[in-house]
Structures are given as C-alpha cells and as structure tokens.
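S.K.:
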Amino acid sequence: MRADARKNRDHVLAVAGAAIAEQGVDVSLRDIARKADVGLATLLRHFPTREALLEALLHTSFEELTAKADALETSDAPEDALVSWLRDCVGWTTEYRGVTVLMAAAIEDTGSALHASCVTLRAAGARLLTRAQAVGAARGDLDGTDLFALIAALAWLGDQPSLASRADHLFDVVAGAILTGAATGSVTGSAAGGGAAEGRP
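Counting with this note's numbering, you get residues 82 to 282 for the letters of the sequence shown.
(1) With C-beta atoms as the reference, is Leu94 less than 8 Å away from Ala137?
(2) Can you tell me whether Thr191 is buried or exposed, with buried defined as 16 or more other CB within 10 angstroms of its CB?
(3) By DSSP, does Leu42 sit in helix, in strand, or in coil?
(4) Taking 8 Å as the cut-off, does the segment 161-177 touch the segment 124-132 (at least 3 CB pairs, one atom from each stretch)?
(5) Report the residue from Phe143, Ala213 and Pro129 whose alpha carbon sits nearest the alpha carbon of Ala158.
(6) Please report the residue range of the alpha helix (DSSP H) in which Phe128 lies.
(7) Using 8 Å as the cut-off, can you tell me whether the segment 94-106 makes contact with the segment 128-142, which would need three or more C-beta pairs spanning the two stretches below that distance?
(8) With burial defined as no fewer than 16 other Cβ atoms inside 10 Å of the residue's Cβ, what is the status of Glu189: buried or exposed?
(9) May I have the straight-line CA-CA distance separating Arg90 from Val119, to the nearest angstrom?
(10) Can you check the segment 142-179 for any beta strand (DSSP E) of at least 3 residues that lies completely inside it and give the ranges in chain order?
(11) Pop quiz: Arg220 and Thr261 are said to be a contact at Cβ under 8 Å. What is the actual Cβ separation, rounded to whole angstroms?
(12) Kindly give me the distance between the Cβ atoms of Val255 and Leu235, rounded to whole angstroms, as I take these residues to be in contact under 8 Å.
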C-alpha cells in the first residue's frame, strides 16, 4: 500500500473509532466518511463492509486480549486468571457501544470479517474457563460460548445509562456465579453456585 493510501486509511480508522465510541456501531458509514473528509466510495474501497471496518479497528485489541489470556494461563491461579480476563474483556467492549451485538453474530457467520477474531477470542476464554474447571474453581456446566455470552450481557449493562452505575456490582455477582469457591485466592468476595460435574463440549 502506498504511503498516502495508508495515511488515508489510518485517518479513516481514527475518525471511525471516535465516532463509534460516541454513537455506537450503528453510526452511519456516510457520516464517518464525511467526518474523515473522504468520499463514501473511498471509505468502502478500504473497508467494504461495516464488519471489515470494525475488524481493522479492533484487530489490535483482539490480539492483546488473546495474548493476555495466554499469559494468564501460566501466571495466575486459575480462578483469578479467568475473572481478570473476563473483567478486561468487559471493560474493552464498553469502549465501543454495541460492538458485542456484532461480535455475537459474527461467531456464527463465517462470512463476517469479524468471525476469525471472535472465534479466536472465544477460544482463549474457553481455555481459561476449562483450566479453572479442572481444579474445581469454576462451575462445570459452562463453556466458551456461555462465557462469550456473559461478556456480551455485561457489556450491554455498561451501555445502559440507568444501569451503568451498577455494572461493577453486577460483574462481581456474575463472576461469583461462575466460580464455585472450591479454590483459594478467589478474586470475588463470595463465589457462589456449583455447577454440574461435567461441562458441555
């Protein structure tokens, strides 16, 4: 890619990031192009779909969250690693309002530009969950898809002005429901609920 074309692309991404953070993922692509002072055709040449734009915008964050999961697998107690990663994911998704809706859809849509990154992210969380389940620290009736859904639900709470003040408390409630309290060093005050002994595939 020529230097001027890359500069154009990076500028569009910067403008898109600010617009999505302010207005959510449904912001008009035409509005993004206008704010970036480029034609809609130019924007679509770089990013032919909304998902392609989001993939380019979020790619670094996806990689960082996946790398964080890999590091936590060996550096922290299983229950602490799981909840720490879950908290980071929820915090990240709230930066871009509505992004989890598209991510949840992309998991099942192999044609989406977001599909591969979302599947990789889900797998990273599933590994942390499985590790915690193996030592009895997390309930066994959850899988990676459930964890991904819980991230989406918690992100939605953070998007609601009337509920945003409760988001941290409700995160602790959900984290406590995931953990069994069977292991020491839990990051939540009171881990609740013990699931079935065996997880779903």
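We put the beta carbon where it would ideally sit given N, CA and C, even for glycine.
Please read all numbers here as calculations on a predicted model, not as lab measurements.
M.R.: Reading from the atomic positions:
(1) yes
(2) exposed
(3) Lying outside 82 to 282, the shown extent of the chain, residue 42 is not represented and no answer is given.
(4) no
(5) Ala213
(6) No alpha helix (DSSP H) contains Phe128, which DSSP labels as neither H nor E.
(7) yes
(8) exposed
(9) 10 Å
(10) none
(11) 6 Å
(12) 6 Å
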